[in-house]
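A.B. asks:
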Amino acid sequence: MKIAKPTKAKVFEMVRRCIAYVLGMFFIASGVSFSRSTNWGISPVNSIPNVLSLKFTQISMGKWIIIVFTCFLLIQALILLKQFKWYSILQLASSTLFGFLVDGTDALYGLFLPENQEIWLKIVLIVVSTVIIAFGIFLYLEANIMSMPGEGVTLALSKRTKLHLSTCKIIFDVSVILIASLLSIAFFWDSEVFWSLDGTSGMLRGVGIGTVVIAVFVGVVMKPIMHFLKKPVHTLLYGKPQDKPSEFELAEEIAQEEDAAERYAPLEGEDADAEK
């Protein structure tokens, strides 16, 4: 069978999407490094690698991300079983890229970010982290190339349970924050305090105020970003307005349709009884 040769336009489109994908990951990695420097915690999906990197310092944060994200991929396979697609293994490539980007941004921003930060600077960095993570997620999703394992677990949960994507996201975030917190308490149990304002002592390290702020407000910040930038960015990447939903939008639409069907099913039954 003869395989159609991709047109020059399609090649340039893929190049633009790949650039947006990598840029999105770079912004997310930058946000991780900014929030990590405060010692107030980082985004939920990266909280387990963060705690592990604080305990086992011989392995870098980026390498822990690769290890933990590989575990997330295995969890996807366990959730989906026969529905697991072989090409999802490519998430390992995105995890590796992201891990190296985090190590790179840690080294880059470590050149000018002070280790002992004032409270005001910590607050500023958490806010900046939240905004650029939201923008990075927007770019990386808009490129629509390959989800990272954390988002993959959320999609797998939504597909298996038929719950809304937002509900599955909350379940995933709460679960990883809880696991990271328990690991931190187990690793640093001998500390005299539970949590300290500087974030460098106490039993709870690597998870904190920053984790909660980022978890709550990234979605809030993404709404205006998508409202103002979705159409122009999509047109820039694809050369035309959006004609089909992304993987995440499709999952949410399916969940909403099934939820509506369940909601109106009893009403349809009542109408049938009334006709009798």
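Sequential numbering from 750 applies to the sequence shown in my numbering. Virtual Cβ for every residue (Gly too), placed ideally from N, Cα, C.
1. For the candidate residues VAL794, ALA769, ALA883, whose alpha-carbon lies nearest to that of ILE815?
2. Only counting the same chain, and skipping five residues up and downstream in sequence, which positions put a Cβ closer than 7 Å to that of ALA905?
3. Excluding the 5 residues preceding and the 5 following ALA769 in the sequence, name in chain order all residues of the same chain whose CB lies nearer than 8 Å to its CB.
4. Is the Cβ-Cβ distance between MET897 and SER843 less than 7 Å?
5. Given GLY811, which residues of its chain have a CB within under 7 Å of its CB, disregarding the five upstream and five downstream residues?
6. Can you look up VAL781 in the DSSP assignment and give me helix, strand or coil?
7. Check whether the segment 780 to 798 touches the segment 874 to 882, taking contact to mean three or more Cβ pairs, one atom from each stretch, closer than 8 Å.
8. Report all residues from its chain with a CB closer than 8 Å to the CB of LEU839; omit the five preceding and five following residues, and keep chain order.
9. Using the C-alpha atoms, what's the distance from ASP939 back to MET975?
10. Hey, VAL956 and SER802: beta-carbon distance below 7 Å or not?
11. Compare the C-alpha of ILE791 against each of ALA964, ILE928, VAL970 and name the closest.
12. Please report how far the alpha carbon of PHE921 lies from the alpha carbon of LEU857, in whole angstroms.
13. DSSP on ASP855, reduced to helix/strand/coil?
14. Determine the contact status of LEU953 and SER933, defining contact as a CB-CB distance below 7 Å.
15. If you draw a straight line from the alpha carbon of PHE833 to that of THR819, how long is it in whole angstroms?
16. Return yes when the Cβ of ASN799 is within less than 7 Å of the Cβ of THR949, no when it is not.
17. Does DSSP put MET774 in a helix, a strand or coil?
18. Taking the continuous alpha helix (DSSP H) assigned at MET897, which residues delimit it?
19. Straight-line CA distance for LEU870 to ALA758?
20. With hydrogens ignored, establish whether the beta-carbon of LEU846 is closer than 6 Å to any heavy atom of the ligand FAD.
21. Which same chain residues end up closer than 6 Å to PHE805 when comparing Cβ atoms and leaving out the 5 residues on each side of it in sequence?
22. With burial defined as no fewer than 16 other Cβ atoms inside 10 Å of the residue's Cβ, what is the status of THR960: buried or exposed?
23. Buried or exposed for VAL962, going by 16 or more other Cβ atoms inside 10 Å?
24. Would VAL969 be called buried (16 or more neighbouring beta carbons within 10 Å of its own) or exposed?
25. Can you tell me whether LEU823 is buried or exposed, with buried defined as 16 or more other CB within 10 angstroms of its CB?
26. Apply the 10 Å Cβ neighbour rule to HIS854 and answer buried if 16 or more other Cβ atoms are within range, or exposed otherwise.
27. Which residues in the same chain as VAL817 place their Cβ atom closer than 8 Å to its Cβ, once the five residues preceding and following it in sequence are excluded?
C.D. replies: In this structure, then:
1. The residue given as residue 815 occupies position 66 in the sequence shown. For ILE815, the nearest C-alpha among the options comes from VAL794.
2. The residue you call residue 905 lines up with position 156 of the sequence shown. The answer, listed in chain order, is GLN825, ILE828, LEU829.
3. The count along the sequence shown starts at 1 and reaches residue 769 at position 20. Cβ neighbours of ALA769 beyond the five flanking positions: LEU888, TYR889, GLU891, ALA892, VAL982, LEU986.
4. Numbered from 1 along the sequence shown, position 148 holds the residue referred to as residue 897. Numbered from 1 along the sequence shown, position 94 holds the residue referred to as residue 843. Yes.
5. Walking along the sequence shown from the start, residue 811 turns up at place 62. The answer, listed in chain order, is GLY848, PHE849, VAL851, ASP852.
6. For the purposes of this step, residue 781 is taken as residue 32 along the sequence shown, with counting starting at 1. Looking at VAL781 - three-state DSSP - the assignment turns out to be helix.
7. yes
8. Taking the sequence shown and counting its residues from 1, one reaches residue 839 at position 90. MET895.
9. Here residue 975 corresponds to residue number 226 of the sequence shown, with the count starting at 1. Here residue 939 corresponds to residue number 190 of the sequence shown, with the count starting at 1. Answer to the nearest angstrom: the Cα atoms are 45 Å apart.
10. If you number the sequence shown from 1, residue 956 lands on position 207. If you number the sequence shown from 1, residue 802 lands on position 53. No, they are not a contact pair.
11. Taking the first residue of the sequence shown as position 1, residue 791 is located at position 42. Of the candidates ALA964, ILE928, VAL970, the one whose C-alpha sits nearest the C-alpha of ILE791 is ALA964.
12. For the purposes of this step, residue 921 is taken as residue 172 along the sequence shown, with counting starting at 1. For the purposes of this step, residue 857 is taken as residue 108 along the sequence shown, with counting starting at 1. Using only the alpha carbons, I get a separation of about 30 Å.
13. For the purposes of this step, residue 855 is taken as residue 106 along the sequence shown, with counting starting at 1. Looking at ASP855 - three-state DSSP - the assignment turns out to be helix.
14. Locating residue 953 in the sequence shown gives position 204, where the first residue counts as 1. Locating residue 933 in the sequence shown gives position 184, where the first residue counts as 1. Cβ distance < 7 Å, so LEU953 and SER933 count as in contact.
15. Taking the first residue of the sequence shown as 1, we reach residue 833 at position 84. Taking the first residue of the sequence shown as 1, we reach residue 819 at position 70. If you take the alpha carbons of PHE833 and THR819, they lie about 15 Å apart.
16. As a working note, residue 949 is residue 200 in the sequence shown. As a working note, residue 799 is residue 50 in the sequence shown. No. Outside cutoff.
17. Here residue 774 is taken as the residue at index 25 of the sequence shown, counted from 1. MET774 falls in the helix class under three-state DSSP.
18. Working through the sequence shown from its first residue, we reach residue 897 at position 148. From DSSP, MET897 is part of no alpha helix (DSSP H); its letter is neither H nor E.
19. Within the sequence shown, the letter at position 121 stands for residue 870. Within the sequence shown, the letter at position 9 stands for residue 758. Distance between the alpha carbons of LEU870 and ALA758 is about 46 Å.
20. In the structure shown, the ligand FAD is absent, as is every other ligand, since no ligand is present at all.
21. In the sequence shown, counting from the first residue as 1, residue 805 sits at position 56. Answer for PHE805: no residue qualifies.
22. If you number the sequence shown from 1, residue 960 lands on position 211. Buried, because 16 or more other Cβ atoms sit within 10 Å of the Cβ of THR960.
23. The count along the sequence shown starts at 1 and reaches residue 962 at position 213. So VAL962 ends up on the buried side.
24. Translated into the one-based positions of the sequence shown, residue 969 becomes position 220. By the 10 Å Cβ count, VAL969 comes out exposed.
25. The sequence position of residue 823 within the sequence shown is 74, counting from 1. So LEU823 ends up on the exposed side.
26. The count along the sequence shown starts at 1 and reaches residue 854 at position 105. Before going on, a small fix: residue 854 reads as Thr here, not His. Buried: at least 16 other Cβ atoms inside 10 Å.
27. In the sequence shown, residue 817 corresponds to position 68, counting from 1. Correct list, in chain order: ILE797, PRO798, LEU801.
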